[in-house]
Amino acid sequence: MAAVFRAKHRNTTWTGPSLSTGTIFYVGTEAEVGHHADPLTRRLAVRIAEPETVVRDAVAGDVAVFYSEHFERFRNAIRSLQQRRVATLYAIDGILEWRNAWENRDDEPACPWTMRPVLCDKVACIGPSQARTLRQWGNTDKVEVVGIPRFDHLVRSSNPKSESEPAFRLLVMTAKWPGFTEHQRRLITQSLIDLKDWVSNHKTVCGRPIELIWRLTGGLDRVVGIENELRDTTGEDLASALRRADATITTPSTTQLESMLLGKPTAILDYTNSPLYVDAAWRVTAVSQLEATMEQLCEPPAERMHYQDCVLEDALQCEENATNRMTRLIESMREIAAVGAAQNRPLVFPQNLLLTPHGSETGNTGAELDAAEIFRERAECELDDLARLRVELADAKREVKLLRATVGQLNAELGQAHAIFDTIHQHPIAGPVVRTRERILAWAGKVKSTKGESN
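Following the working numbering, the numbering of the sequence shown begins with 234 at its first residue and continues without gaps.
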């Protein structure tokens with residue numbers, strides 16, 4: 234059967250038999266990507282493998298699905314695979330979060346401009362609003378609206394009040410990474426303590442006793458002093474906790490979408506008062522807002538719930554089964570990659586391999602992000618100056634190679650120094666002298682420290 238792919242200005246046609254037999258890799262460890270890959274493994278033969286293994290084993294015509302572009306082990310793998318005509322897909326599995334994108338530590342090991350732009354050939358977005366943002370970040374040709382496959386089993390529902398359950402059960406959660414700086418962690422901790430104290434002081438809301446279901450990450454349960462119900466961060470026990478709850482309050486997290494999907498009134502707890510890429514009908518940025526928010530979560534106004542539904546529809550593609558859409562996207566990319574491999578040509582992926590779901594039109598994307606202006610460290614390398622970009626990249630690679638060689642040499646010299654030091658320590662004459670000197674220096678240091686404290 235002939236496969237035809239219509240690009241923007243030309244047609245690429247393969248007249249032979251179907252070539253979509255390439256291997257599909259999901260890149261990462263089983264712990265990292267197993268729960269992401271699971272829905273796909275019921276439709277496709279998927280091999281989970283770490284970046285180094287995929288780079289070693291993948292060949293032209295294969296597809297590599299990435300769950301992250303944040304760290305160098307993934308970014309380097311993407312570049313290596315693309316040079317060999319392996320199709321690459323970034324399958325985003327959650328919301329964009331402002332602090333993660335813009336307010337990390339200076340020594341953060343993750344790339345500070347992840348997704349600006351996306352490295353992979355295509356990026357699978359969870360919904361229309363995320364697609365708009367990524368287009369504004371310079372990824373217009375790469376964006377495909379898919380959804381979240383692991384949410385397919387959830388049935389969108391309302392949240393009827395049970396007359397037989399007088400208690401108001403509130404699920405309190407934090408994101409997998411609750412904070413990215415010490416300042417953020419302090420504010421998050423304080424917000425949770427304030428919530429705990431408010432419930433302890435009031436005990437009821439709207440005449441109903443309050444029960445808190447805690448699912449805190451990052452050791453915050455010990456800091457706040459609560460009994461934690463978190464068992465894992467892959468979502469295995471989350472659905473059960475959500476179904477028990479009447480409402481949810483969480484730091485910005487993909488969990489807010491899962492809560493909304495199940496019809497739970499959902500509030501964002503964020504004392505950092507950061508911008509939100511996914512909004513909510515309720516937001517707590519200070520302790521003074523807790524009382525009104527708790528009352529409305531217990532008896533949610535219809536207009537707030539309508540707004541929550543609107544937010545959900547814009548944030549999450551749920552008109553169509555997300556696993557079906559992801560499967561079609563991967564198969565389309567594999568077919569195009571097979572044509573490229575057979576014809577020994579670079580891979581070209583047209584826009585909109587997937588039809589836009591009904592009700593998910595993205596419309597005008599707005600102003601595009603000026604990445605060079607925001608990321609000053611990248612300003613030397615303007616993205617629209619390809620020749621200069623290539624030179625800068627070559628120079629950077631050469632400098633990294635030299636630095637690695639220098640580090641290797643220094644490590645070797647350090648090893649030699651340790652060996653010499655060990656030899657001296659074992660010498661029958663020099664050894665005792667060196668050890669005596671070390672004891673004298675240690676004693677002198679303690680004396681000096683004691684004198685300093687007494688002064």
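Heads up, the beta-carbon is just placed ideally off N, CA and C, and yes, glycines get one too.
{"Check": "Which of helix, strand or coil does DSSP assign to Trp447?", "Outcome": "strand"}
{"Check": "According to DSSP, is Trp331 part of a helix, a strand, or is it coil?", "Outcome": "helix"}
{"Check": "What three-state label does DSSP hand Thr254 in the structure shown?", "Outcome": "coil"}
{"Check": "Mind reading off the beta-carbon distance from Thr450 to Ala408? Whole number of angstroms is fine, and I expect it under 8 Å.", "Outcome": "7 Å"}
{"Check": "Please list the terminal residues of the continuous alpha helix (DSSP H) segment that includes Tyr540.", "Outcome": "535-548"}
{"Check": "With a CB to CB cut of under 8 Å and the five nearest residues on each side skipped, what residues in its chain are close to Asn585?", "Outcome": "Glu377"}
{"Check": "Judging by CA-CA distance, which residue of Asp339, Asp427, Val288, Leu453 is the nearest neighbour of Ser521?", "Outcome": "Asp427"}
{"Check": "Tell me whether the beta-carbon of Tyr504 lies closer than 9 Å to the beta-carbon of Thr518.", "Outcome": "yes"}
{"Check": "For Trp515, which three-state DSSP category applies?", "Outcome": "strand"}
{"Check": "Please classify Thr262 as buried or exposed, where buried requires at least 16 other C-beta atoms within 10 Å of its C-beta.", "Outcome": "exposed"}
{"Check": "Quick check on Val279: buried or exposed, where buried means 16 or more other Cβ atoms within 10 Å of its Cβ?", "Outcome": "buried"}
{"Check": "Do the CB positions of Leu475 and Glu491 come within less than 9 Å of each other?", "Outcome": "yes"}
{"Check": "On a CA-only basis, which of Thr286, Leu322, Glu528 is nearest His435? Give me that one, please.", "Outcome": "Glu528"}
{"Check": "For Asp569, is the classification buried or exposed, using 16 other Cβ atoms within 10 angstroms of its Cβ as the cut-off for buried?", "Outcome": "A quick correction: the sequence has Ile, not Asp, at residue 569. Answer is buried; the Cβ neighbour count reaches 16."}
{"Check": "Quick check on the DSSP output: what are the complete beta strand (DSSP E) runs of length 3 or more inside the stretch 284-339, in order along the chain?", "Outcome": "296-299, 320-324"}
{"Check": "Is it right to say Thr254 is buried, meaning 16 or more other beta carbons lie within 10 angstroms of its own, or is it exposed?", "Outcome": "exposed"}
{"Check": "If you reduce the DSSP assignment to three classes, tell me which class Ile569 lands in.", "Outcome": "helix"}
{"Check": "Can you have a look at Ser473 and say buried or exposed, based on whether 16 or more other CB atoms are within 10 angstroms of its CB?", "Outcome": "exposed"}
{"Check": "For Ala514, which option in Cys439, Met348, Ile482 has the closest C-alpha, if you only look at C-alpha atoms?", "Outcome": "Ile482"}
{"Check": "Give a yes or no on whether the C-beta atoms belonging to Ala604 and Arg402 are separated by under 9 Å.", "Outcome": "no"}
{"Check": "Between Ala293, Phe258, Arg276, Lys679, which has its C-alpha nearest Ala574's C-alpha?", "Outcome": "Ala293"}
{"Check": "Going by other Cβ atoms of all chains shown within 10 Å of its Cβ, with 16 needed for buried, is Trp447 buried or exposed?", "Outcome": "buried"}
{"Check": "Name the two residues that bound the continuous beta strand (DSSP E) containing Arg280.", "Outcome": "279-282"}
{"Check": "By DSSP, does Thr481 sit in helix, in strand, or in coil?", "Outcome": "strand"}
{"Check": "Just reading off the beta strand (DSSP E) that Arg402 is part of, what are its end residues?", "Outcome": "401-406"}
{"Check": "For the beta strand (DSSP E) that contains Thr499, what are its first and last residues?", "Outcome": "499-502"}
{"Check": "In this structure, how does DSSP classify Asp581 when only helix, strand and coil are distinguished?", "Outcome": "Residue identity check: residue 581 is Val in the sequence provided, not Asp. Here Val581 sits in coil by DSSP."}
{"Check": "Looking at the strands, I want to know which residues DSSP matches up with Cys358.", "Outcome": "Val378"}
{"Check": "With the cut-off set at 9 Å, would you say Asn372 and Val351 are in Cβ contact?", "Outcome": "yes"}
{"Check": "Determine, using beta carbons only, whether Thr556 and Leu273 come nearer to each other than 9 Å.", "Outcome": "yes"}
{"Check": "Using the beta-carbon count (16 or more within 10 Å), is Glu302 buried or exposed?", "Outcome": "buried"}
{"Check": "Taking the alpha-carbon positions, what's the Trp210 to Leu587 distance?", "Outcome": "Any property of residue 210 remains undetermined from this structure, which presents the chain solely from 234 to 688."}
{"Check": "Quick check on Pro411: does DSSP put it in helix, strand or coil?", "Outcome": "coil"}
{"Check": "I'd like the list of long-range same chain contacts for Arg516, defined as Cβ closer than 6 Å, with 5 residues on each side in sequence excluded.", "Outcome": "Ile501"}
{"Check": "Following the continuous alpha helix (DSSP H) through Pro272, name the residue where it begins and the one where it ends.", "Outcome": "263-274"}
{"Check": "DSSP puts Pro661 in a beta bridge; with which residues?", "Outcome": "None; Pro661 has no bridge partner."}
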